[in-house]
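Enquirer: Using UniProt numbering, the final residue of the sequence shown is 307, and nothing's skipped along the way. C-beta atoms are modelled at their ideal positions from N, C-alpha and C, and glycine is treated no differently. Just so we're clear, the structure is a prediction, and the values are computed from it rather than from any experiment. Encoded as C-alpha cells, here's the structure I'll be asking about.
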Amino acid sequence: MPKSIVAALQIGALPGGKGETLEQILSWEGAISESGAALVVMPEALLGGYPKGEGFGTQLGYRLPEGREAYARYFANAIDVPGAETEALAGLSARTGANLVIGVIERAGSTLYCTALYFDPQAGLVAKHRKLMPTGTERLIWGKGDGSTLPVLDTQVGRLGAVVCWENMMPLLRTAMYAKGIEVWCAPTVDEREMWQVSMRHIAHEGRCFVVSACQVQASPNELGVEIANWPADRPLIAGGSVIVGPMGDVLAGPLRGEAGLLTAQIDTDELVRARYDYDVVGHYARPDVFELSVDERARPGVRFTA
C-alpha cells in the first residue's frame, strides 16, 4: 500500500548496558502497536551505546592502559549479529507488524562496527549496513564498512535504506542510494544540532524521498552522576531532535527534543512521482555525459583464502 505510518523512536542507551537498553526498547511494544506504525527507526548506536566524551586513553603516538580497559568494557557491551539481541528484536518486529531499523555496535572478530540492522515482520533480520566512515575520534573504536552492506530493500512502506549520522553528508553515498531507488530514507544518528535538521530536509528535497531520522536522547552529566571533560555539567549529552520529512523538504513531524517519545507521520509513496516531476537527481536531472559514479559493492576482507 502506498500509504503507511512511519515512526522514529527517540530513546537513549542506558547506563546499565545492552541488557537494560534492550528491555527499554521492548517496553515500547504497546506504543508501537497502538500507533499502527509499519516502520520504526531507532537511533545510532542504541544497542552498544555511544560513549560521548570518552577518550579511550589515547594521546597522539601512544595509548594508556586505562584506555584499553575502557575499550574492553565497550567491546563487551557490543552485540553479535546475529545473536540473542537480534532474536529479541525480530520478535518485536513480528509482534508489532513493523519493519525495524536500529543502530547497534556490532562485534566482528575483535573489531567493532557502527551498524544499522533491518528487521522484517515475517523474515526477521534481513540485512545490515556498516557505517562507511566513522567521524573524528570514532575511528579509534569503530572499523569502516565496505560497499557490500549498502542495501535498499523492498518493504511494506516502500524501498527502504539506512545511512548513519554523518554518512548523510557524503554526496557520493547519497547519490548511490538515490540510484538504488530509495523511497524512505532512514537516518539513525546522535547529532542533535540544528544543522542536522537542515541536512535532513535537504536530503528529502534532493532525493525527493521521505526521511525518518531517529536521534538518541541522553541526560546531562549531573543527572547521570558522571564528569565529562569540556562538557557543561547541566547540558544534556544528547538532546534528541528526531524528525520526519516529506519529499519536498516539508517537516511532517518533529523535531522532538529533550525527551523520549515515538514520533509518527503518515506517508504516501505515490507522492514521490509528483515530487520528481521537475527534479529526479539520478534520472532526467542527471548528466551522465559529464558525471559518472562507480560503486564497488564487493566485500573487502583483510584476508582471502582460495581453495
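For E206 and G283, what's the separation of their Cα atoms in angstroms?
Expert: Along the sequence shown, one-based indexing puts residue 206 at 206. Along the sequence shown, one-based indexing puts residue 283 at 283. Looking at the two C-alpha atoms, the distance is approximately 12 Å.
Enquirer: Work out the CA separation of G145 and F305 for me, nearest whole Å.
Expert: Taking the sequence shown and counting its residues from 1, one reaches residue 305 at position 305. Taking the sequence shown and counting its residues from 1, one reaches residue 145 at position 145. Roughly 20 Å separates the two Cα atoms.
Enquirer: Measure the alpha-carbon distance for W196 versus E34 and round it to whole angstroms.
Expert: The count along the sequence shown starts at 1 and reaches residue 196 at position 196. The count along the sequence shown starts at 1 and reaches residue 34 at position 34. Each residue's Cα considered, the two are about 29 Å apart.
Enquirer: Check whether the Cβ atoms of W142 and P151 lie closer than 8 Å to each other.
Expert: Sequence index remark: in the sequence shown, residue 142 carries index 142 (1-based). Sequence index remark: in the sequence shown, residue 151 carries index 151 (1-based). Their beta carbons are not under 8 Å apart, which means W142 does not touch P151 by this criterion.
Enquirer: If you draw a straight line from the alpha carbon of L9 to that of P236, how long is it in whole angstroms?
Expert: Position 9 of the sequence shown holds residue 9. Position 236 of the sequence shown holds residue 236. The straight-line gap from Cα to Cα measures roughly 18 Å.
Enquirer: Could you tell me the boundaries of the alpha helix (DSSP H) in which H284 lies?
Expert: Reading the sequence shown from its first residue, position 284 is the one you call residue 284. Here H284 belongs to no alpha helix (DSSP H), and DSSP marks it neither H nor E.
Enquirer: Whole angstroms is fine: what's the gap from F210's alpha carbon to R174's?
Expert: Position 210 of the sequence shown, counted from the start, is the residue given in the question as residue 210. Position 174 of the sequence shown, counted from the start, is the residue given in the question as residue 174. Just so you know, the alpha carbons of F210 and R174 end up roughly 14 Å apart.
Enquirer: DSSP beta-bridge partners for A214?
Expert: As a first step, residue 214 must be located in the sequence shown, where it is residue number 214. P188, per the DSSP bridge assignment.
Enquirer: Buried or exposed: which applies to E259, given that a residue is buried once 16 or more other Cβ atoms fall within 10 Å of its Cβ?
Expert: Residue numbering aside, residue 259 sits at position 259 when the sequence shown is read from its first letter. Answer is exposed; the Cβ neighbour count stays below 16.
Enquirer: For V198, which of helix, strand or coil comes out of DSSP?
Expert: Your numbering for residue 198 matches position 198 in the sequence shown. DSSP places V198 in helix when its eight states are reduced to three.
Enquirer: Quick check: what's the CA-CA separation for E44 versus I228?
Expert: On the sequence shown, residue 44 is found 44 positions in, with the first residue counted as 1. On the sequence shown, residue 228 is found 228 positions in, with the first residue counted as 1. Approximately 20 Å, taken between the alpha carbons.
Enquirer: For R159, tell me which candidate among A13, E29, L22 and L272 has the shortest Cα-Cα distance.
Expert: The residue given as residue 159 occupies position 159 in the sequence shown. Closest option to R159, Cα to Cα, is L272.
Enquirer: Is the stretch 250-264 close to the stretch 5-23, with three or more CB pairs under 8 Å?
Expert: yes
Enquirer: Please classify Y50 as buried or exposed, where buried requires at least 16 other C-beta atoms within 10 Å of its C-beta.
Expert: As a first step, residue 50 is located in the sequence shown; it is residue number 50 there, counting from the start. Looking at its Cβ environment, which holds 16 or more other Cβ atoms inside 10 Å, Y50 is buried.
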